[in-house]
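Residue numbers (the numbering used here), protein chains in the order written: chain A, 9 to 867; chain B, 15 to 252. Glycine included, C-beta positions come from ideal geometry on N, C-alpha and C. None of these values were measured; they are calculated from a predicted model.
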Amino acid sequence: MKKEARKLLLKLGLSTIKQNWKQFLAIVGIGGLAINLFVGLLTNASSFEYRVHSMHKDGNVADVFLTLDPRNPDPNDLDKIQDIAAKYGYSEERFYTLTGLSSKNALCAISYSMPSISAPSEIIKSSPKQTNHNFFIIDEVLCESNAISTQTIDFDVGKICDVTIDTSYFSLSEEELNQIDVLLKTGAENPFRQDKFILNFEITGIMKHPENISRAAYSPCLFMCSNSVFRNSLRDKLAESFTELGLRTIWREGFEGILNWGDGNPYGSTISFPTGNQFLIKLYDKNNKDKLMNELETYFSSKAVDNHLMLQAIDDTSGGMEVNQDIKQSYQLAFAFPLIFFLVAILIILTTFRQLILKDRNQIGTLKGLGFKNKEIYLYYFLLVGAITTISFLIGAVSGPFLIPFLLEMKYKILYTLPRVTIVFPWFYAFLTWLAFIAISILITWYVSRKEIKLKPVESMRPKEINVIFKAKRIKKKKTDKANTFKLATHLAFRNMISDPVKSLMVLLGMIGCTALLCCGFGIEDTINKGINNDPFVHSGANMTLAYVYEQENSKTDIDFKIEDDEGELLINGYQPYSRVALEISHNSSSYSSYIQVMGEYRAFQGDTNIHYSMSDLPKDSVYLSSKVARKLSVKVNDTISFEYSGQRIEAKVSKIYDAFYANGIMILGESTLFSEPITKYEGAWLNLTNKNNELVREKLTDLSYVGSAETPEGWAKIVNDAVSSISIITNAVKVFALLLATIALYNLGLMNFNERIREIATMKVLGFKKKEVSASLLIETLTLTFVGAAIGLTLGMPFMVTVLTINEVGMVDYIYTVTTLTYIFSFLFTFLVGVLINGLLMLKIRGIKMIESLKSVE
Amino acid sequence: MGQEEVIIKINNLSKIYNEGKENEVRALNSVSFSLNKGEFTVILGPSGAGKSTLLNILGGMDTPSYGDFIFEGANVSKYNPEELTMFRRKKIGFVFQFYNLIANLSAVENVQLASALADDPFDSYDILEKVGLAKRVNNFPPQLSGGEQQRVAIARALVKKPQLLLCDEPTGALDSKTGSTIIALLKDISKEFNISVVMVTHNAKIAECAERLIIVRDGQIDTDTVNKNPKKPEEINW
Ligand SMILES: Nc1ncnc2c1ncn2[C@@H]1O[C@H](COP(=O)(O)OP(=O)(O)OP(=O)(O)O)[C@@H](O)[C@H]1O
Ligand SMILES: [Mg+2]
Numbered sequence: 009m010k011k012e013a014r015k016l017l018l019k020l021g022l023s024t025i026k027q028n029w030k031q032f033l034a035i036v037g038i039g040g041l042a043i044n045l046f047v048g049l050l051t052n053a054s055s056f057e058y059r060v061h062s063m064h065k066d067g068n069v070a071d072v073f074l075t076l077d078p079r080n081p082d083p084n085d086l087d088k089i090q091d092i093a094a095k096y097g098y099s100e101e102r103f104y105t106l107t108g109l110s111s112k113n114a115l116c117a118i119s120y121s122m123p124s125i126s127a128p129s130e131i132i133k134s135s136p137k138q139t140n141h142n143f144f145i146i147d148e149v150l151c152e153s154n155a156i157s158t159q160t161i162d163f164d165v166g167k168i169c170d171v172t173i174d175t176s177y178f179s180l181s182e183e184e185l186n187q188i189d190v191l192l193k194t195g196a197e198n199p200f201r202q203d204k205f206i207l208n209f210e211i212t213g214i215m216k217h218p219e220n221i222s223r224a225a226y227s228p229c230l231f232m233c234s235n236s237v238f239r240n241s242l243r244d245k246l247a248e249s250f251t252e253l254g255l256r257t258i259w260r261e262g263f264e265g266i267l268n269w270g271d272g273n274p275y276g277s278t279i280s281f282p283t284g285n286q287f288l289i290k291l292y293d294k295n296n297k298d299k300l301m302n303e304l305e306t307y308f309s310s311k312a313v314d315n316h317l318m319l320q321a322i323d324d325t326s327g328g329m330e331v332n333q334d335i336k337q338s339y340q341l342a343f344a345f346p347l348i349f350f351l352v353a354i355l356i357i358l359t360t361f362r363q364l365i366l367k368d369r370n371q372i373g374t375l376k377g378l379g380f381k382n383k384e385i386y387l388y389y390f391l392l393v394g395a396i397t398t399i400s401f402l403i404g405a406v407s408g409p410f411l412i413p414f415l416l417e418m419k420y421k422i423l424y425t426l427p428r429v430t431i432v433f434p435w436f437y438a439f440l441t442w443l444a445f446i447a448i449s450i451l452i453t454w455y456v457s458r459k460e461i462k463l464k465p466v467e468s469m470r471p472k473e474i475n476v477i478f479k480a481k482r483i484k485k486k487k488t489d490k491a492n493t494f495k496l497a498t499h500l501a502f503r504n505m506i507s508d509p510v511k512s513l514m515v516l517l518g519m520i521g522c523t524a525l526l527c528c529g530f531g532i533e534d535t536i537n538k539g540i541n542n543d544p545f546v547h548s549g550a551n552m553t554l555a556y557v558y559e560q561e562n563s564k565t566d567i568d569f570k571i572e573d574d575e576g577e578l579l580i581n582g583y584q585p586y587s588r589v590a591l592e593i594s595h596n597s598s599s600y601s602s603y604i605q606v607m608g609e610y611r612a613f614q615g616d617t618n619i620h621y622s623m624s625d626l627p628k629d630s631v632y633l634s635s636k637v638a639r640k641l642s643v644k645v646n647d648t649i650s651f652e653y654s655g656q657r658i659e660a661k662v663s664k665i666y667d668a669f670y671a672n673g674i675m676i677l678g679e680s681t682l683f684s685e686p687i688t689k690y691e692g693a694w695l696n697l698t699n700k701n702n703e704l705v706r707e708k709l710t711d712l713s714y715v716g717s718a719e720t721p722e723g724w725a726k727i728v729n730d731a732v733s734s735i736s737i738i739t740n741a742v743k744v745f746a747l748l749l750a751t752i753a754l755y756n757l758g759l760m761n762f763n764e765r766i767r768e769i770a771t772m773k774v775l776g777f778k779k780k781e782v783s784a785s786l787l788i789e790t791l792t793l794t795f796v797g798a799a800i801g802l803t804l805g806m807p808f809m810v811t812v813l814t815i816n817e818v819g820m821v822d823y824i825y826t827v828t829t830l831t832y833i834f835s836f837l838f839t840f841l842v843g844v845l846i847n848g849l850l851m852l853k854i855r856g857i858k859m860i861e862s863l864k865s866v867e
Numbered sequence: 015m016g017q018e019e020v021i022i023k024i025n026n027l028s029k030i031y032n033e034g035k036e037n038e039v040r041a042l043n044s045v046s047f048s049l050n051k052g053e054f055t056v057i058l059g060p061s062g063a064g065k066s067t068l069l070n071i072l073g074g075m076d077t078p079s080y081g082d083f084i085f086e087g088a089n090v091s092k093y094n095p096e097e098l099t100m101f102r103r104k105k106i107g108f109v110f111q112f113y114n115l116i117a118n119l120s121a122v123e124n125v126q127l128a129s130a131l132a133d134d135p136f137d138s139y140d141i142l143e144k145v146g147l148a149k150r151v152n153n154f155p156p157q158l159s160g161g162e163q164q165r166v167a168i169a170r171a172l173v174k175k176p177q178l179l180l181c182d183e184p185t186g187a188l189d190s191k192t193g194s195t196i197i198a199l200l201k202d203i204s205k206e207f208n209i210s211v212v213m214v215t216h217n218a219k220i221a222e223c224a225e226r227l228i229i230v231r232d233g234q235i236d237t238d239t240v241n242k243n244p245k246k247p248e249e250i251n252w
């Protein structure tokens, strides 16, 4: 091509863009949006993954966790386990158990010195006192007031906190206890005879820890304590009860003291008490994980007493699983929504360029007449579409990574404790996306232009022959010929729809998409609301739900709840205790992590004695199972499941499968015959209030040391809602996109329709049609398409919602998919309204059509 | 023929585009004439003379800058857009050079589209029969030849029983043989229904069959003659 020729084409391209800027803008806009979402979500996924991995790397998190029973140590384990671990990597030990940190459940990890495996990934704050052997570091999440707890604990470096630890780890026999009793100060009680110790610690640091990425309320956070700090605190504690001599007797550094904790160092490692009961194993080669775990499994099963509690890879821990699932989801998310927008962008490119080329027929003919080759004309159009898609790609690819990860950080902030957002731009995917986008656009352009470009110059300079789809009917002369404008407008509208099926289909798709997305967005809210409102636990029927603090959970007496007002009148009629505990449910060979809900018997202080909160029909000899778990384990009614609860292995028949949103897992009565003895320890209670002064009740209850939280049903609903907060963000996004989609698609196609009809409209104006009458056929056409599209969209709303919720599964809850009639009506009306509004806007343009100019030339 | 009835009076009509600007165009410059009912008038003139401009004003599609356009005693030049719409609807039939039929309506439906607007229209089928398209009423415009399409356009203009039929180069896109049959048809109609027809052309040969010939040049009336013996369209040859 000569230089002048190139210049000419460049000018032509620029004027084309100028003339059709609205449509090009629509392409750039919707394409940019699709790319923004796609690249943005991909960036988010890779950044999220990167952050999780960098936390794992910085903390050198263990690949495999082996936890032994601290009450049942075996001196032979250490060498054996270290031998096995050394084949594949290296290992470290620590004492690891669930404790209470002030009112919160917390996992305690005690080690001799700062560990090299599973260390903090970041020390956020520390006191100068903190050394390699002297530390008490808590996770930053523990410093935040948490939704479940009403007590605000001011944890900070230098502050003192309580740790409640089980005395059973000391394994003292009655005889040994008696021996110690004589060492007590006069009048002091033997602390070893109590269930728990409460030890005081000064916080030396605050950290992020790689085992602790998930901040879900049900997964307790970790604190790390050095052995010497722990021992000093224990010593201080014992000094309160024992005489100085007594303390020295107990506390003999040589470990031959009365306490058998001296022998509690069976591993001969530097850790004395508490016994290292957890092995952290780091692999040189991650692929050896299964081999290692198999060998460990084999070792323990060959022993007379299998004293191991748990053998888990990091990815199988509940927190690890959750994060991994979320990483997977975040990638999936990138492919779910943007796809729709890509389709729309492509539809719009298709329509715009088709129209452009029809308009350009003359120009194409002229160019060919001037001697341009077909190849060069193709190239011209390809460059035009390539430039537009590239602009839209650049806009999207630059804005997406800066927008989406920060938007979704709102979700991650709630769910995880992660390092700051780092943008990891997915270069490879972005490049592929750009290539795909350009390739598809060029293909489309080729498709719509090939016929016109192949024509002889003379042919393209003649007006285009319109395909006539309608067969001319035989003449049927009517007697009366009173034509009616409405009938004609309807005919015209339907013929227009049929004679340009591609365009009609596009409007349809736009409307289907909008309605389906709206339906999906509002349906998600319906589903969540239905879940919350019908959950047997959240809506137990009680006025208030209590959760006890860990260390006090089993020392409740009825009297404690007898809260009175100033006049001495009881404010509580009675209560029903319950527990909700995470456990593993098994059926056949598969198992699934869920919860058990244990329902106690109602205890009345006054009034009605026959009250059951939640599931009053639970039988004594079987359990109910939630549909989510039943689905995961393929359990049917009358099947038997097994689980472990308070030290008992239980096989239970499932007599009913129930729907639940939050209270998933097993429902069982505390006095169920399945338990060898009735359950007496509960984690919380449902209260039956007199409703005289509920706020006072709440205040008084939260003042009680053993009450962790007191929630009204509304408060509960909010907590559960928070658990699905990420979904809410998506829901709102879905709604916004639905409207964007409808607006852009309708406006663009409407505009195109309008531009194609200008001549027709001008003709009608010349004939003396009023504006209203002129718009009739256009209106009938778009409204029909909107109506049909919206109707089809409604049927897709539900499947769409199910897909979105499946991709965004939240482990804790189970969705009972619902779309209410109101949502259907609303989605339909809303789409229709957008259709009417945009058409109204286009109708205004009819006024602006100049008859003379529009009809002057051949098209 | 008795007393001739005046249907249109044009007084000092001017149309000035971009008035007062550098690119001012006086498309019509103080034109005055009147037309009688049932007359077959041809407006002749070179390209750019202002023929279309005049016709568009007569058809209520455009408004003059100055002067009056009196139609049956009413001053159309003072009409607002709504009144102009009703004027077009009730009084005017318009035929374009490029037919301007609606592609997705059949021949008869194109005609019905216009008849639907009129109070007392002709029967659409009758009028199509009249223009010689009885056999093609249910065909769509792209299935018709240019001449046939122009006949449909004439039928569409006529069906409303307009007082004034305006044709802007109706034969411009047709061959001479088809063109002369169209002109014959227009003349015929003018006589049969007593409709005034104003036809614009820049073809002097066609002008020979006019009863009244107005020649426009540079936005002004050059000559205005009455032709007592107009030629029959079949006789002319261009
Ligand atoms: N919208 C407009 N703006 C400015 N000038 C115009 C406009 N429309 C027409 N003109 C000018 O007015 C003059 C008369 O135009 P008109 O269309 O009436 O000519 P015509 O006699 O119909 O010519 P032709 O035989 O070529 O159709 C021309 O010089 C034209 O350039
Ligand atoms: Mg003209």
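Output the boundary residues of the beta strand (DSSP E) element that contains residue i.
i               : result
I220 of chain B : Per DSSP, I220 of chain B belongs to no beta strand (DSSP E); it is in the alpha helix (DSSP H), A218 to A221.
C233 of chain A : C229 to S234
L115 of chain A : K112 to S119
H595 of chain A : I580 to H595
Using only the alpha-carbon positions, how far apart do residue i and residue j sit?
i               : j               : result
P228 of chain A : F414 of chain A : 27 angstroms
N142 of chain A : I727 of chain A : 38 angstroms
F231 of chain A : D147 of chain A : 6 angstroms
K15 of chain A  : N847 of chain A : 39 angstroms
D293 of chain A : Y96 of chain A  : 7 angstroms
E184 of chain A : A53 of chain A  : 57 angstroms
A868 of chain A : F136 of chain B : Because chain A in this structure spans residues 9 to 867, residue 868 of chain A falls outside the shown range and cannot be described.
H620 of chain A : L50 of chain A  : 49 angstroms
S119 of chain A : Q614 of chain A : 51 angstroms
S309 of chain A : A93 of chain A  : 17 angstroms
L517 of chain A : G21 of chain A  : 30 angstroms
L242 of chain A : D573 of chain A : 41 angstroms
K376 of chain A : E768 of chain A : 29 angstroms
L554 of chain A : G692 of chain A : 5 angstroms
I156 of chain A : Y653 of chain A : For I156 of chain A, the pLDDT reaches just 42, beneath the cut-off of 50, and the residue's location in the model is therefore unreliable, although a value from the coordinates is still provided. C-alpha separation (whole angstroms): 23 angstroms.
With a threshold of 6 angstroms on Cβ separation, who are the neighbours of residue i within its own chain once the five nearest residues in sequence on each side are excluded?
i              : result
T67 of chain B : K29, A41 and L42
K51 of chain B : E19, I21 and S210
At what residues does the alpha helix (DSSP H) containing residue i begin and finish?
i               : result
R369 of chain A : R369 to G377
K15 of chain A  : K11 to Q27
Are the beta-carbon atoms of residue i and residue j separated by less than 7 angstroms?
i               : j               : result
V432 of chain A : S55 of chain A  : yes
V662 of chain A : I676 of chain A : no
V631 of chain A : A668 of chain A : no
Using a Cβ-Cβ cut-off of 8 angstroms (strictly less than) and excluding sequence neighbours within five positions of residue i, which residues of its own chain qualify?
i               : result
E225 of chain B : E53, F54, T55, V240, N241 and P244
Near residue i, which residues of its chain fall below 7 angstroms by C-beta distance, leaving aside the five closest residues on each side in sequence?
i              : result
Q90 of chain A : S99
Problem set entry | Segment contact, 8 angstroms Cβ cut-off, at least three pairs: the region 785-796 of chain A with the region 495-502 of chain A | Segment contact: the region 785-796 of chain A against the region 495-502 of chain A, three or more CB-CB distances shorter than 8 angstroms; contact assigned.
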